[in-house]
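For the protein sequence lines, the chains are A and B, in the order given.
Numbering (our numbering) for the first sequence: 1 to 204.
Numbering (our numbering) for the second sequence: 205 to 408.
Glycine residues also receive a C-beta, built at the ideal position from the N, C-alpha and C atoms.
Single-structure report; data block below.
There are 2 protein chains.
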Amino acid sequence: MTTSLSAELWPDVQPETARRLMLAGVESFAKRGYHATTTRDIAGAAGMSPAALYVHFPSKAALLFEISRSGHEQTLALVENALEKAEDPVERIRLVVEDFVAWHARRHTVARVVQYELNALPEKEFEVVTELRRRIERIVRDVIAAGAESGAFSVTDSHTAARAVLSLGVDVARWYSERTRQTPAELGKDYSELVLRMLGTRAA
Amino acid sequence: MTTSLSAELWPDVQPETARRLMLAGVESFAKRGYHATTTRDIAGAAGMSPAALYVHFPSKAALLFEISRSGHEQTLALVENALEKAEDPVERIRLVVEDFVAWHARRHTVARVVQYELNALPEKEFEVVTELRRRIERIVRDVIAAGAESGAFSVTDSHTAARAVLSLGVDVARWYSERTRQTPAELGKDYSELVLRMLGTRAA
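Structure follows, in structure tokens:
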């Protein structure tokens, strides 16, 4: 089960041992925080020796960076994907919110590490991830601004609106659990309706 | 400066030494997480000996509980206060969002500990805090349901709507910083407009 989950989370990471360590890292960081977790804890949780961990990751920070970068690349990809699938700003925002919210619900443990352990990244790695975050924000802001321009949205401050839209999605990782009555996809749909109204669209 | 900040944060806590330890706890937990922080770290940050800490708090968990309980009581009080100040559901939600968002912006470091270290609380203390959270959610949900009933809001699922409203406020603690261009009060006003639209009110 652990193997298939890690393959689902990080299809591009090879070999499977590296993915297994990333999954153990996610679980340990989510439970006790990055700073309270040692490489020994992570290796142990993955059923390996600390030496085996260093074969794949030079440090605990490198492991966190891989988790963080991959999570940000995945969310950037789904935001970019929404641009491909639709031209209309209303449809674009609907798709962005559906997918972004569903990702943070389905991947809530990974997402907590991705969103809440940013400050534990070393400076250079932090910059890489910050640039991915800027790209996500810029796309959402530009779509909202385009919709405001065309009259589809009624928004005066696309910066604040974009922040609120993404914030709603990110916070899902904090509170979502397996006991939540909505599935990730259902929550994505409910939230996209709320967001479209928030942006003052008539279509909502 | 530290002294006056701690008195502002916890006016009801006495003596000042206890408040100083709570502030040192907030700063240490926010920086490295609860589990990576020792009572020695906290005492040291407050310029005291570990023994001096135990005079005021029997354990690190007791210190976290005091920070968490107090933060939840403060946010519950401002939500209850909004009910006192207005009768109309639209005005009530406007006040709740303004004050809840401004609190999470102004107190963003305290709020991060309050919102993200819940799972570190021992079981009994967790239950106390969870009950405070339930009361906050219930009030917001009831106001939204009352507004939906009267036709002031157009909401089909007051549970999801209340969750989204509070979620927007809580997440402010994650991203707000001293460099944010809006003051806490300005952000509260901007967000209350967004929320009123999200709830489908005509007044927005």
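Excluding residues up to 5 positions away in sequence, A265 lie with their Cβ nearer than 6 angstroms to the Cβ of B:P326 in the same chain. Sequence-ordered contacts of the region 361-381 of chain B with chain A read D361, T364, A365, R367, A368, S371, L372, V374, D375, V376, R378, W379 [C-beta pairs closer than 8 angstroms]. Cα atoms of A:G71 and B:V369: separation of roughly 26 angstroms, rounded to the nearest angstrom. Counting the other Cβ atoms within 10 Å of the Cβ of A:Y116 gives 16 or more, which makes it buried. When rounded, the separation of the alpha-carbon atoms in B:I348 and B:G248 is 46 angstroms.
Counting only residues of its own chain and dropping the five nearest sequence neighbours on each side, A:L83 has a CB closer than 8 angstroms to the CB of R92, I139, V143.
A Cβ-Cβ separation of about 6 angstroms places A:G200 in contact with A:F153 under the 8 angstroms criterion. From the listed residues A:L64, A:E193, A:V96, the smallest Cα separation to A:V128 is found for A:L64.
Closer than 7 angstroms at the C-beta level to chain A, one finds no residue of the region 332-353 of chain B. For A:L194, the nearest beta carbon of chain B is closer than 8 angstroms to its own beta carbon.
By the Cβ criterion, the region 179-196 of chain A is not in contact with the region 277-285 of chain B, since fewer than three pairs of Cβ atoms, one from each stretch, lie closer than 8 angstroms. Rounded to the nearest whole angstrom, the C-alpha separation of B:T221 and B:G251 is 10 angstroms.
Interface annotation, A:D190: in contact with chain B, CB-CB separation under 8 angstroms. Residue environment analysis places B:P219 among the exposed positions, since fewer than 16 neighbouring C-beta atoms fall within 10 angstroms of its C-beta. Using a CB distance cut-off of 8 angstroms, A:G200 counts as an interface residue toward chain B. The continuous stretches of alpha helix (DSSP H) do not include B:V359, and DSSP gives it neither H nor E. The Cβ atoms of B:T243 and B:L227 do not sit closer than 8 angstroms to each other. Here B:P293 is buried. Its C-beta has 16 or more other C-beta atoms within 10 Å.
Within a 10 Å sphere around the beta-carbon of B:P254 sit fewer than 16 other beta-carbons, which makes this residue exposed. The Cβ atoms of A:F57 and A:V113 lie no closer than 8 angstroms to each other.
For the region 250-279 of chain B, the set of residues with a beta-carbon nearer than 9 angstroms to any beta-carbon of chain A is empty. The CB of A:A77 never comes closer than 7 angstroms to any CB in chain B; the least such distance is about 22 angstroms.
Pairing B:A366 with B:R345 gives a Cβ-Cβ distance under 8 angstroms.
Counting of Cβ neighbours within 10 angstroms places A:L5 among the exposed residues, the total staying below 16. A buried status is given to B:P388, since no fewer than 16 other beta-carbon atoms sit within 10 Å of its beta-carbon. Among the residues of chain A, none has a CB under 7 angstroms from the CB of B:G229; the nearest is roughly 15 angstroms distant.
Near chain B, meaning a CB-to-CB distance below 9 angstroms, the residues of the region 12-41 of chain A are K31, R32, G33, Y34, H35, A36, T37. Rounded to whole angstroms, the separation of the alpha carbons of A:S158 and A:G151 is 13 angstroms. Taking a contact as a CB-CB distance under 8 angstroms, the pair B:S272 and A:W175 does not count as one, their CB atoms being some 16 angstroms apart. In terms of Cβ geometry, A:D99 and A:L132 do not form a close pair [threshold 8 angstroms].
In the DSSP assignment, A:Q182 falls outside any alpha helix (DSSP H) and carries neither an H nor an E. The closest CA to that of B:E382, considering only B:V230, B:H312, B:H239, is found on B:H312.
Ranked by Cα distance from A:L9, the first of A:D190, A:T160, A:H104, A:T156 is A:H104.
Excluding the 5 residues flanking it on each side, A:K85 has same chain C-beta neighbours closer than 7 angstroms at L95, in chain order.
At least one CB atom of chain B sits nearer than 8 angstroms to the CB of A:R197.
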